[in-house]
Amino acid sequence: MAHGDTVPMPEAQARRAGGIASLLRSQMRNIAPFLTLIFLTAFFAVASPSFATLDNVGNILTQVSVTGIIAVGLTFVILCAEIDLSIAAIANVTGIAVAYFTLQESYVNIANVPMPGFAAILLALALCALLGVVNAFGLTVIGIPSFIMTLAMMQIAAGISAMLVRGQIAYKVPPLITTLGSGSIAGIPWIVIVAALMLLLGHLVLTYTRFGRYVYMVGGNREAAEYSGLNVKLILGSVMVISAVCSGIGGMLGVAHFGSAQQNEFDTYLLDSIAAVVVGGTSLFGGRGGIGNTIVGLFVLGVLNNGLDHVNIDSFLKILIRGLILLAALVINVYAQRLRAKAAD
Amino acid sequence: MSDSRPPLLELQDITKSFGGVTALRGVDFTLRPGEIHGLVGENGAGKSTLMKIIAGVHTGFSGRFLLDGREVHFNSARDARAAGIAMVHQELSVAPDLTVAENVFLGNQPTNALGIVQWRRMAREAAEQLKRLGIDADPMSRLGDLPIGLQQLIEIARVLFSGARIIILDEPTSALSPPEVERLFAALRKLREQGTGIIFISHFIEDILLISDEVTVFRNGRKIMETRAADTSKAALIEAMIGKGRDALEDSYTHDITLPAPPTDKPVVVEADRLSLARNLKQVSFSVYAGEVLGIYGFMGCGQLELARILFGKLAPDAGQLRVSGEPNRFKSTADARRAGIAFVPESRRDMLFLQEPVYKNVSISILDRINAVLLKPARERALAERQVEQLQIRPADVEIDLGLLSGGNQQKVALAKWLSHPPRLLVLCEPTRGMDVGAKSDVIQIVRQLRDKGIAVIVMSTEPETVLSLADRVIVLKRGEVVREFAGETISKDRLLEAA
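Line order of the protein sequences matches chains A and B.
Counting from 1, position 341 in the first sequence corresponds to residue 341 in our numbering; the numbering is continuous, with no gaps.
Take any residue in the second sequence, note its place counting from 1, add 1000, and you have its number in our numbering.
As structure tokens, then:
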């Protein structure tokens, strides 16, 4: 699963490029995250007897599911060499919206527009898609850099969330969402299945569709994509909408998973999702990486977060360690770009 | 000006090679104080190499370099600047977001004892200097807000008033309007009176004859001729530049070529109707017929690059209309142009190729939607790419290899190949043979001819007369954004082409 998205390098090509050393160098962005994952897993398995249990594997899978759903869309964005900082805020507002359109218990003191479950879900999806379209419009038509545009959207989405809940907490969401977010089938949580299916879908789109190829080409050389007659703006706009919709789905299921919808509930998911994509080895410069990398990145973060709980470490030190791991991943990410350029010489 | 004064700058027997290619062979060059020395020669004749040696950019060469009669060795452009040598390069190198005054004093702002920039003094002095060039610009306005010609003049002003004793100007007039050229020349003459030595490189022979005292002609890395400007003519200079009747190697393009009559019986594929774009293009009109190669020739900055980008939907014209098969068309994106059957290969290969992707992905990128609306069909992509690789004889013949591993000529063929699996109606090529060896060049020429014979309309844009002459059935000449001449159904030669531009 780790290298699922990378096209295997044909032997002849490896030979020409200078043998095994060159192959390793050019594949560094795929190898390094995978080694990190193996190292962390081995470390925690030795350090704590409760880590390497089947139960705990289930825990880790569940813990990374919401991040995983959000990270699918973000992978598309980062492959295009753009960024989306509004993912967590859009997840939050979509989760709140679906609760807003669901009848709450009488003790919940919240403005509430009850609707049938399917309508609530569709309206919530429409909301996140709309916010994604606004991101796309700002980026491609007006020309605002995605970093700034999505920073503004982060505030806008947080603002809508605040207006809807006004400091209160809602609990009810449509039954379908409740099931997918907190139910399980044959012992497997539905949210893990949804995350796996969305990751698979993202992988299929990136690997086997024309749109997926365009995403890689736009990320690899935007000017060349334009001179090849691709509609670059349409592709960039599409990835922003995909990112917003994935965030929205993650937000709805997350609300069901946590059992409540409230302000600032998803704040940590912004950094976690970006970290998962980048730690996994998808290039911040675009054009390299994919869902396979994101999956490895998710597990690196999941194992790290979960493992640090098992080894009884100072919870403040945990934050620092996460920061250091992210920094190391960034160094590898930038370094891998250079190594690959060298290997191509 | 008398020849008894010691020369400001003297180069003796300069030879410079890059790899195995000799760019300059045994060149002597002398610049006297108070002299404007015009330099002409074709692209690649060695002018720029010589100037870069003088400006300290190129340091490894053989021969003697004397400044005021004393031999010097520059290790960098910094050394040359310290010795009073300044150069204005062909491409603008200004800071558009800084003010006019900051640009005039770039890297040299007046400061007080504490190192604080003295804004008022800087603005006042900048205004004074610009006035000497006849420029009336607010020194505190943002440079990028001014027209390009004015920006160019301000960059020149920076160098002219930097106190340099030797000033090199590389194509300074290509972006200037006639009154701006006048102002520049007036300023150069004033500097000449003060004893500054000026080297003036230009493709515009009229400008050279108007401003220079001496003129030197380069060809193939050699100095061919040095003469007083008053004693020569445009025709004589062009003849010396292209070596008519003397250089057997080049004679294929110095003879007359008879162009076929325009195929007016064939349909017009694309018609440009009074296209205008800012300062770059003025009411440019032309038609291109199916099955012909239209050459568009002009010097750097003549508007070719902008025209090509309008044809491919990358730029929108300010005025005028583009008609494709008779229908007015306003491309919103390059994708619109591609769907209308227009293909484009820009002057810089890197701008249209994915060097880190395999050859087959580069070849198939523009036709993926014709293979399948949604899904990729890698087997078909590879098959299509393999056919192109075979037809165009791309080496190595391996479609899986990363494109970056191919040679420049083969990369250029891939750039063409991406448009050939589904032939376009109009193919726009910018500098299609630039920097290629002879073999790759003739391959590209063959490919273009075959496409033409299949009924595709081709536009070839180049600043090299040979490229246009070797490919075109009909030629139009662009000069400062305007069509100044069309050659059709008549004899044409390199000197006639150069004279028209």
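Where is the CB? At the ideal position from N, CA and C, for every residue including glycine.
Query                                                                                                                       : Result
Secondary structure of D1273/B, DSSP reduced to three states                                                                : strand
Chain B contacts from the stretch 218–242 of chain A (Cβ-Cβ distance under 9 Å)                                             : G220, N221, E223, A224, A225, E226, Y227, S228, G229, L230, N231, V232, K233 and L234
Pair within 7 Å by beta-carbon distance, I1036/B and S1212/B                                                                : yes
At least three beta-carbon pairs within less than 8 Å, the stretch 1338–1351 of chain B to the stretch 1382–1396 of chain B : no
Burial state of R338/A, where buried means 16 or more other Cβ atoms lie within 10 Å                                        : exposed
Test item: CB-CB of L298/A and A276/A under 7 Å                                                                             : yes
C-beta atoms of I69/A and I87/A nearer than 7 Å                                                                             : no
Neighbouring residues, chain A, relative to L1392/B (Cβ below 8 Å)                                                          : Within 8 Å Cβ-Cβ: nothing; L1392/B doesn't reach chain A, min ~17 Å.
Span separating the alpha-carbon of A1083/B from that of L1478/B                                                            : 39 Å
Burial state of R1120/B, where buried means 16 or more other Cβ atoms lie within 10 Å                                       : exposed
C-beta atoms of A157/A and I90/A nearer than 7 Å                                                                            : yes
Proximity below 7 Å, CB of I1198/B to CB of V1088/B                                                                         : no
Under 8 Å by beta carbon: chain B residues contacting Y346/A                                                                : Residue 346/A is absent from the model: chain A starts at 1 and stops at 345.
Rounded C-alpha distance that separates Y216/A from Q1118/B                                                                 : 50 Å
Identity of the residues DSSP links to Q1012/B by a beta bridge                                                             : R1064/B
Reduced DSSP category for D1251/B - H, G, I as helix; E, B as strand; rest coil                                             : Bear in mind that a pLDDT of 44 at D1251/B, under 50, signals an unreliable position, so the model cannot answer this.
Same chain, Cβ closer than 7 Å to Q1505/B, neighbours up to 5 away in sequence not counted                                  : Outside the modelled stretch of chain B, which goes from 1001 to 1501, sits residue 1505/B, for which no answer is possible.
Contact set for A1278/B: own chain, Cβ-Cβ below 6 Å, skip 5 residues either direction                                       : none
Span of the alpha helix (DSSP H) around Y269/A                                                                              : D267 to V279
CB contact below 7 Å: R1338/B versus chain A                                                                                : yes
Endpoints, beta strand (DSSP E) assigned at D1170/B                                                                         : I1166 to D1170
Beta carbon proximity, A1417/B to chain D, threshold 7 Å                                                                    : The structure shown contains no chain D; its protein chains are A and B.
Proximal chain B residues relative to R213/A, where beta-carbon distance stays under 8 Å                                    : K1361, I1365, L1368 and L1376
Inter-residue spacing [alpha-carbon to alpha-carbon] between P1432/B and D1145/B                                            : 34 Å
Any chain B beta carbon closer than 7 Å to H3/A                                                                             : Because the pLDDT of H3/A is 42, which lies under 50, any placement of that residue in the model is unreliable, and the number read from its coordinates should be weighed accordingly. Not an interface residue.
DSSP three-state assignment for P175/A, whether helix, strand or coil                                                       : helix
Closer than 7 Å at the beta carbon, the chain A residues around P1346/B                                                     : Y227
Buried or exposed (CB count within 10 angstroms, at least 16 for buried), H1073/B                                           : exposed
Inside the stretch 1093–1164 of chain B only - alpha helix (DSSP H) runs reaching at least 4 residues                       : 1100–1104, 1119–1132 and 1148–1160
Three-way DSSP call (helix, strand, coil) for C246/A in this model                                                          : helix
Per-residue contacts from A1335/B into chain A (C-beta, under 7 Å)                                                          : G229, L230 and N231
Cβ of M1300/B within 7 Å of any chain A Cβ                                                                                  : no
V1324/B beta carbon near the ligand NAP (any heavy atom closer than 6 Å)                                                    : Questions concerning the ligand NAP fall outside what the structure shown contains, since it holds no ligand whatsoever.
Cut-off 6 Å between Cβ atoms - residues of its own chain near L326/A, not counting five sequence neighbours on either side  : A275
E1071/B - DSSP class collapsed to helix/strand/coil                                                                         : strand
Contact check, E1180/B vs L1153/B, beta carbons under 7 Å                                                                   : yes
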